[in-house]
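In the working numbering, the protein residues as written are 4 to 75. We put the beta carbon where it would ideally sit given N, CA and C, even for glycine. Source: prediction; values computed, not measured. Have a look at the structure below before the remarks.
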């Protein structure tokens with residue numbers, strides 16, 4: 004799955020933002036502006052949501068690898 008960079012960030016739930024408090028503000032801002040066409044949820048989501056998903060494997064050079072299993 005390819006990541007796309009947006010001009011404005013997508014809304015991210017507060018619970019997810021709390022889990023990423025340890026990351027630097029600069030990295031978080033960059034991650035907020037990236038979006039992914041999620042095959043599991045069937046819609047475009049912020050990369051931060053994808054990053055914390057149990058199906059996330061890795062991201063390398065803008066390509067995101069996902070297991071694609073249904074969420075439990």
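- For residue 36, the three-state secondary structure derived from DSSP is coil.
- Contact between the region 17–34 and the region 64–75 is absent: fewer than three C-beta pairs spanning the two stretches fall below 8 Å.
- Sequence-distant Cβ neighbours of residue 8 in its own chain, meaning closer than 7 Å and more than five residues away, are 36, 37.
- Counting along the chain, residue 69 sits inside the beta strand (DSSP E) bounded by residues 66–69.
- Residue pairing by DSSP places residue 41 opposite 46 in a beta bridge.
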